[in-house]
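Once you know that position 4 of the sequence shown is 955 in the numbering used here, the rest is easy, because the numbers rise by one and skip nothing. A quick write-up on the structure given underneath.
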Amino acid sequence: MPILFMIWKFSQPVLPKTYQEAVQYTKAINMKEMRSKLANGDEFVVYIGRESCPYCQKFVPNLALAIQKSHQTVYYLDSASDEKDEITAFAKEMDIQTVPNLSVYQNGSKSRYLEQGSSASLEEILSFLKHE
């Protein structure tokens, strides 16, 4: 019985306490990798944000829970990284107005994004990731 409890306990989604804990559920991506995936026409989900953004701080715990529940791979592009100028140019090119931004890319362009942004509930993020 204790082993069964341990398996159940470890399979439950964990609410991260910090921004850094939350983004550990994502996969870091840089602009070179991003451009390569776009050029290949890959379909992928990207979260763009930064730790210093209060709206991103509010958003990422629910994103982390949604990733755990959906088992969806979500890439993380840190808008405060050394590539911030290139990220800013990319955001302008893709018509990304604010962070946090959660978007799906396919066939070389942004196909859809989570319109609610930081105000999105866990259910809304899950639905977005599952494309419902």
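Quick reminder that beta carbons are idealized off the backbone N, C-alpha and C, glycines included.
Looking at the unbroken alpha helix (DSSP H) that takes in residue i, where does it start and where does it end?
i	result
residue 1078	1073-1080
Would the beta-carbon of residue i fall within 7 angstroms of that of residue j?
i	j	result
residue 976	residue 1015	yes
residue 1026	residue 1076	no
residue 1037	residue 982	yes
residue 966	residue 1017	no
residue 1054	residue 974	no
residue 1086	residue 964	Since the first and last residues shown for the chain are 952 and 1083, residue 1086 lies out of range.
residue 1069	residue 970	no
residue 895	residue 1013	It is not possible to answer for residue 895, since the shown part of the chain is limited to 952 through 1083.
In this structure, does DSSP put residue i in helix, strand or coil?
i	result
residue 956	Residue placement at residue 956 is poorly supported in this model, since its pLDDT is 49, which falls under 50; the coordinates still yield a value, given next. Of the three classes helix, strand and coil, the one that applies to residue 956 here is helix, per DSSP.
residue 1057	strand
What are the boundary residues of the beta strand (DSSP E) that includes residue i?
i	result
residue 1062	1060-1064
If residue i sits next to residue j, beta carbons under 8 angstroms apart, how far is it from one beta carbon to the other, in whole angstroms?
i	j	result
residue 999	residue 1030	6 angstroms
residue 1051	residue 995	At roughly 17 angstroms, the Cβ-Cβ gap does not stay under 8 angstroms, so residue 1051 and residue 995 are not in contact.
query = Can you list, in chain order, the stretches of the beta strand (DSSP E) that have 3 or more residues and sit fully within the stretch 965-1053?
reply = The qualifying runs are 995-1000, 1025-1029.
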